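Visitor:
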Amino acid sequence: MYEGYINASKEVFGQRTRVVIDRFHVAKLYRGQLDTLRKQEFTEEP
């Protein structure tokens, strides 16, 4: 999760606010980066 998002959430909702990061969004970011890397590797190989 981006630090800016966490800081903004705590500023708006208070310092005691818990920011919850769910597995779905973490997995989505992971797959997106992996897919980008896969595409780069595929275009570099002859």
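For the numbering used here, count along the sequence shown from 1 and bump the result up by 1496.
Every residue gets a Cβ at the ideal spot worked out from N, C-alpha and C, and that includes glycine.
Only a predicted model underlies this, so the values are computations on that prediction, with no experimental measurement involved.
Return the first residue and the last residue of the alpha helix (DSSP H) that Gly-1510 is part of.
Guide: As a first step, residue 1510 must be located in the sequence shown, where it is residue number 14. No alpha helix (DSSP H) contains Gly-1510, which DSSP labels as neither H nor E.
Visitor: Give me the Cβ distance between Val-1508 and Met-1497, rounded to the nearest whole Å; I'm assuming they're in contact under 8 angstroms.
Guide: Numbered from 1 along the sequence shown, position 12 holds the residue referred to as residue 1508. Numbered from 1 along the sequence shown, position 1 holds the residue referred to as residue 1497. Val-1508 to Met-1497, Cβ: 15 angstroms. No contact.
Visitor: How many angstroms separate the CA atom of Gly-1510 from the CA atom of His-1521?
Guide: Position 14 of the sequence shown holds residue 1510. Position 25 of the sequence shown holds residue 1521. C-alpha separation (whole angstroms): 24 angstroms.
Visitor: Work out the CA separation of Arg-1519 and Thr-1513 for me, nearest whole Å.
Guide: Position 17 of the sequence shown, counted from the first residue, corresponds to residue 1513. Position 23 of the sequence shown, counted from the first residue, corresponds to residue 1519. Each residue's alpha carbon lies about 19 angstroms from the other.
Visitor: Three-state secondary structure (DSSP) at Asp-1531?
Guide: Against the sequence shown, residue 1531 aligns to sequence position 35. In the structure shown, Asp-1531 sits in a helix (DSSP, three-state: H, G or I).
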